[in-house]
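These notes concern the structure reproduced below.
Residue numbers (this note's numbering): 1 to 113.
Structure follows, in structure tokens:
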């Protein structure tokens with residue numbers, strides 16, 4: 001009997017091909033769009049055909065902002081833990097609010113919104 005992992009592996013195995021005819025212009029356009037999205041042409045076509053969201057890779061500025069916010073999140077978590085031990089309840093709750101706000105913005109960046 002096959003395990004769930006083996007069944008899922010077989011279902012997701014990409015072993016079939018579909019041949020389509022396109023013009024040279026369409027091929028170049030698809031290659032450019034796939035590259036823009038950080039995908040291979042096959043990945044791009046599968047995502048487009050299956051109505052999956054195709055989002056471009058993050059820019060260097062977005063990555064820099066993401067890393068900075070991640071660092072802030074880490075530091076606020078440490079500060080929050082320090083204050084929690086001294087029972088500064090009000091300050092602790094404010095820091096948690098700031099932490100949640102940063103997490104919300106990180107998710108926006110992660111999801112490409």
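Each residue gets a CB set at the ideal place from its N, CA and C atoms; glycine is no exception. Treat the numbers as computed from the prediction; the structure is a model and nothing was measured.
If you draw a straight line from the Cα of residue 52 to the Cα of residue 91, it comes to about 43 Å.
Ranking 59, 23, 12 by CA distance to the CA of residue 36 puts 59 first. With respect to the C-alpha of residue 103, the residue from 39, 62, 69 having the closest C-alpha is 69. When the beta-carbon positions are compared, residue 98 and residue 76 come within less than 8 Å of each other. Counting only residues of its own chain and dropping the five nearest sequence neighbours on each side, residue 38 has a CB closer than 6 Å to the CB of 57. A distance of 8 Å or more separates the beta carbons of residue 50 and residue 41.
The Cβ-Cβ distance between residue 109 and residue 95 does not fall below 8 Å.
By the CB criterion at 8 Å, residue 19 and residue 66 fall outside the cutoff. Burial is judged here by how many other beta carbons sit within 10 angstroms of a residue's own beta carbon; residue 74 has fewer than 16 and is exposed.
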